[in-house]
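Number of protein chains: 2
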Amino acid sequence: MNNFNFYSPTKILFGKGEESNVGSEVARYTTKVLLVYGQSSIKKNGIYDSVIKSLKGSNIAVIELSGVQPNPRLSLVYEGIKLCKEQDVEFILAVGGGSVLDTAKAIAVGVPYSGDVWDFFLGKKALEKALPVGTILTLPGTGSEASNSCVISKEDENLKRGINSDVIRPVFSILNPEFMYTLPAYQTACGLFDAMSHVLERYFTRTKNADLTDRYCESTLRTFIKFAPIAINDPTNYEARAETTWASKLAHDGSLSCGRIADFGSHKIEHELSGLYDVTHGAGMAVIFPAWMKYMYKQDIPLFAKFAARVFDVEPNYENLEETALEGINRLQQFIKSIGLPTTLAELEVPTNEFERMAKSATSNDTKTVGEFLKMTSKDIIAIYELAK
Amino acid sequence: MNNFNFYSPTKILFGKGEESNVGSEVARYTTKVLLVYGQSSIKKNGIYDSVIKSLKGSNIAVIELSGVQPNPRLSLVYEGIKLCKEQDVEFILAVGGGSVLDTAKAIAVGVPYSGDVWDFFLGKKALEKALPVGTILTLPGTGSEASNSCVISKEDENLKRGINSDVIRPVFSILNPEFMYTLPAYQTACGLFDAMSHVLERYFTRTKNADLTDRYCESTLRTFIKFAPIAINDPTNYEARAETTWASKLAHDGSLSCGRIADFGSHKIEHELSGLYDVTHGAGMAVIFPAWMKYMYKQDIPLFAKFAARVFDVEPNYENLEETALEGINRLQQFIKSIGLPTTLAELEVPTNEFERMAKSATSNDTKTVGEFLKMTSKDIIAIYELAK
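Protein sequence lines, in the order shown, are assigned to chains A and B. Going by my numbering, 16 is the number at position 16 of the first sequence; the sequence numbering is gapless. Each number in my numbering comes from the position in the second sequence (counting from 1) with 389 added on.
Rendered as structure tokens:
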């Protein structure tokens with residue numbers, strides 16, 4: 001087991017009606033918030049009214065910033081930073097899915113900084129402080145509600161880049177599974193596979209001897225496999241929404257990295273799809289991750305066989321573990337299809353003649369490798385795109 | 390799944406050599422600490438010198454309070470509070486096992502309070518603030534390094550009482566598995582069974598539908614079952630010390646209660662043994678918990694059968710799940726014996742003619758029930774003591 005730091009200070013309020021506590025939670029920090037959200041859906045389903053009522057009840061003044069889109073744009077982040085500076089806002093409250101939460105985090109990073117917030121995303125500047133962020137989640141998947149991550153797209157350059165720092169972990173997050181009842185099947189599936197991919201990126205590691213973290217990863221994956229189909233087919237099933245919402249939080253709060261090196265190479269490979277072709281991230285991961293597995297499994301057949309046996313209940317062929325490993329990849333692809341997600345780039349309408357350009361972008365023109373399980377070069381990445389065609 | 394709050398802000402620094410960071414961690418808060426520890430063992434094994442060196446390196450002044458004993462005494466807590474008030478100390482650093490950590494927490498609670506700190510333990514006063522506490526663990530088990538709990542004995546009345554509040558969660562905890570190398574086998578076993586009991590108290594719940602938390606509980610128990618015997622028989626096995634130390638933290642940081650009501654009735658029944666007869670808590674739990682299970686299993690045979698199958702790999706007898714449930718209890722007792730712990734009150738030299746008095750004490754003279762799985766009265770508690778004879 002490797003040495004590690006683990007720090008996950010986000011207070012979670014989980015369950016029915018917990019949004020009524022948002023006012024009192026915010027009041028611990030401030031009397032004025034920037035409320036960030038997406039489109040009109042939170043007004044239609046009543047969440048907006050509940051949040052405003054609770055905030056008013058605690059005498060919190062509200063400045064609004066709406067219009068966050070999937071693959072959230074840097075331009076809106078700039079707008080939020082400007083608003084906060086003009087109005088002396090010192091707390092960002094996000095109500096929405098991962099794109100809204102990441103927009104809020106980026107704004108929180110930009111307000112106390114005099115330069116261009118994109119500097120942090122380019123690695124030009126070390127991230128040391130941010131305004132506090134609270135969140136109310138309406139779409140599980142990205143794990144942004146408890147993670148140290150934030151991913152933003154710079155639209156004029158087709159770039160999608162992330163930052164990671166404990167200073168952007170939300171101070172509280174409110175997770176009400178009932179808020180997920182109105183999510184369409186495809187959106188639910190994309191979100192939940194994104195969350196599963198956060199576990200998979202951690203499970204396939206070169207670090208030996210992280211037994212308990214392995215078991216937690218397997219437990220989390222099994223919970224998705226059991227409950228994601230129920231959430232999709234029976235969208236108002238409370239238990240299925242609750243289990244998948246909680247699993248999505250645990251998938252990316254850092255606990256499943258403890259003692260091991262996580263990979264996240266597939267995420268970087270997928271970010272090229274989202275950045276260039278506006279692919280929904282979870283659907284992109286559904287295509288890329290099995291291709292990554294097919295390219296990698298020979299590097300550690302026992303690990304991939306363990307995955308098959310302990311996550312998908314494949315009976316091991318002890319005389320031919322490679323067969324077991326391959327059956328695990330097959331089962332994962334069957335599962336992906338069963339929840340209505342694509343398994344090929346063709347289904348995503350990503351062109352197949354741009355792999356070299358995408359690989360160059362992912363590796364910053366061959367100056368960096370991608371991932372940890374294998375430190376991938378452009379050649380490896382192109383091979384994975386080929387396997388995903 | 391029930392609604393829940395989850396808040397576990399303790400920063401964990403885990404692994405070899407991490408104690409060298411204690412100075413920089415403390416320096417985030419203060420320039421002067423009360424260093425609380427037990428006997429001379431941390432001086433013999435070099436931990437004391439490493440800690441002092443790191444603190445001095447960060448210009449932290451150190452006031453010392455040593456002499457913490459197992460089942461930590463209120464009198465020493467009073468002494469620590471007095472020292473802090475006299476010397477304007479605003480941070481408590483604990484180096485030791487659960488007794489040292491709990492002493493530090495109780496001092497942290499007492500310093501900002503003008504009355505008698507025991508008021509909080511008697512429930513006379515609500516706990517709202519405490520000084521920050523940092524810890525360096527030398528014996529895994531109590532989970533105090535990340536828990537909201539603190540248990541203190543009032544020696545002149547033979548009372549052992551606990552408090553629970555998020556304000557006493559440590560701000561950081563340093564867990565170096567190498568520090569556990571010198572622990573004797575029996576002390577290791579007592580600590581680790583205490584930690585296992587924290588999981589068991591949560592696993593046996595009336596709450597249905599907390600699937601992922603169930604799986605995490607089972608994963609944590611399986612890790613103890615696999616690695617506790619290795620840690621005991623091969624005390625310098627790093628992986629075994631690391632897995633059991635990490636599992637002990639997770640067992641009691643609150644994550645395994647998410648979405649369910651935990652019981653902790655057995656803990657209260659055991660506290661009478663420790664309070665009256667100075668029994669080591671983990672050894673007391675090893676005797677009490679299986680007796681509790683024998684008394685309770687008929688209330689929910691499927692749950693106890695699931696425990697047997699998923700934790701101890703008992704092949705279920707689907708036509709007679711009661712047999713499976715009983716075999717799970719049997720396997721747990723076999724495991725307890727295998728790590729050198731007692732399974733009867735006789736082995737603990739607890740007299741068998743005081744059960745009524747002990748039950749009265751646990752129920753505050755029959756004014757309160759104990760536990761949640763079944764709200765136990767004196768009659769139930771006496772029956773459990775009888776089963777533990």
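Here a beta-carbon is modelled for each residue, glycine too, at the ideal position from N, C-alpha and C.
What R611(B) touches in chain A, judged by beta-carbon distance under 7 Å, is R215, going in chain order. Bridge partners of I136(A) according to DSSP: V95(A) and I174(A). Looking at the backbone, the Cα of F678(B) and that of G760(B) are separated by about 13 Å.
Per DSSP, the continuous beta strand (DSSP E) segment holding C150(A) begins and ends at S149 to K154.
Under DSSP, M765(B) shares a beta bridge with V759(B). In terms of beta-carbon proximity, E628(B) lines the interface with chain A, with at least one pair separated by less than 8 Å. Distances from the alpha-carbon of A640(B) to those of V498(B), N392(B), P521(B) and S538(B) put S538(B) closest. Taken atom to atom, the span from the alpha-carbon of T609(B) to that of D88(A) is near 47 Å. Cβ proximity to chain A below 7 Å picks out A631, E632, W635 and A636 from the segment 629-641 of chain B. Under a criterion of Cβ atoms nearer than 9 Å, the residues of chain A adjacent to E407(B) are, in order, N3 and N5. The beta carbon of R206(A) sits closer than 8 Å to the beta carbons of I261, D300, E372 and F373 from its chain, once the five residues preceding and following it are set aside; these are given in chain order.
Using a Cβ distance threshold of 8 Å, S20(A) and S58(A) do not count as a contacting pair. When secondary structure is reduced to three states using DSSP, F193(A) falls in the helix class. P461(B): not part of any beta strand (DSSP E); DSSP gives it neither H nor E. Under the Cβ distance rule, S554(B) does not count among the residues neighbouring chain A, no pair being separated by less than 8 Å. Only those residues of the segment 254-272 of chain A whose C-beta falls short of 9 Å from the nearest C-beta of chain B are listed: S255, C258 and G259. Taking a 10 Å sphere around the C-beta of G123(A), we find fewer than 16 other C-beta atoms and assign the residue as exposed. According to DSSP, I163(A) shares a beta bridge with C150(A). Here L137(A) has E145 and L175 as same chain residues with Cβ atoms under 6 Å from its own Cβ, once five neighbours each way along the sequence are excluded. Distance from R591(B) to C606(B) at the Cβ level is roughly 6 Å; contact confirmed, criterion being Cβ atoms closer than 8 Å. Listed along chain A is no residue with a C-beta nearer than 7 Å to that of N537(B); the closest approach is about 13 Å. Take the alpha-carbon of T135(A) and the one of D505(B): they are about 40 Å apart. Restricting attention to V560(B), N547(B) and K433(B), the CA atom closest to the CA of T419(B) is found in V560(B).
V36(A) has L65(A) and A94(A) as its beta-bridge partners, per DSSP. Taking C-beta separations shorter than 8 Å and ignoring five residues to either side along the sequence, the partners of K764(B) in its chain run T758, following chain order. Residue V540(B) holds the alpha-carbon nearest to the alpha-carbon of W507(B) among V540(B), L482(B), S488(B) and G487(B).
Closer than 8 Å to the CB of F14(A) there is at least one CB belonging to chain B. Its Cα nearest to that of A106(A), the residue F121(A) stands out among G96(A), V95(A) and F121(A). No residue range can be given for S533(B), since it is assigned to no beta strand (DSSP E) and is classified by DSSP as neither H nor E.
Among the residues facing chain A, D623(B) is not included, as its CB has no counterpart in that chain under 8 Å away. Counting only the Cα atoms, E708(B) lies some 31 Å from S646(B). The Cβ of L601(B) sits closer than 8 Å to at least one Cβ of chain A. Closer than 7 Å at the C-beta level to chain A, one finds no residue of the segment 490-523 of chain B.
With fewer than 16 other CB atoms across the displayed protein chains lying within 10 angstroms of its CB, A450(B) is exposed. Counting every other CB atom within 10 Å of its CB across the protein chains shown gives S727(B) a total below 16, marking it as exposed. The beta carbon of E243(A) sits closer than 6 Å to the beta carbons of T223 and F227 from its chain, once the five residues preceding and following it are set aside; these are given in chain order.
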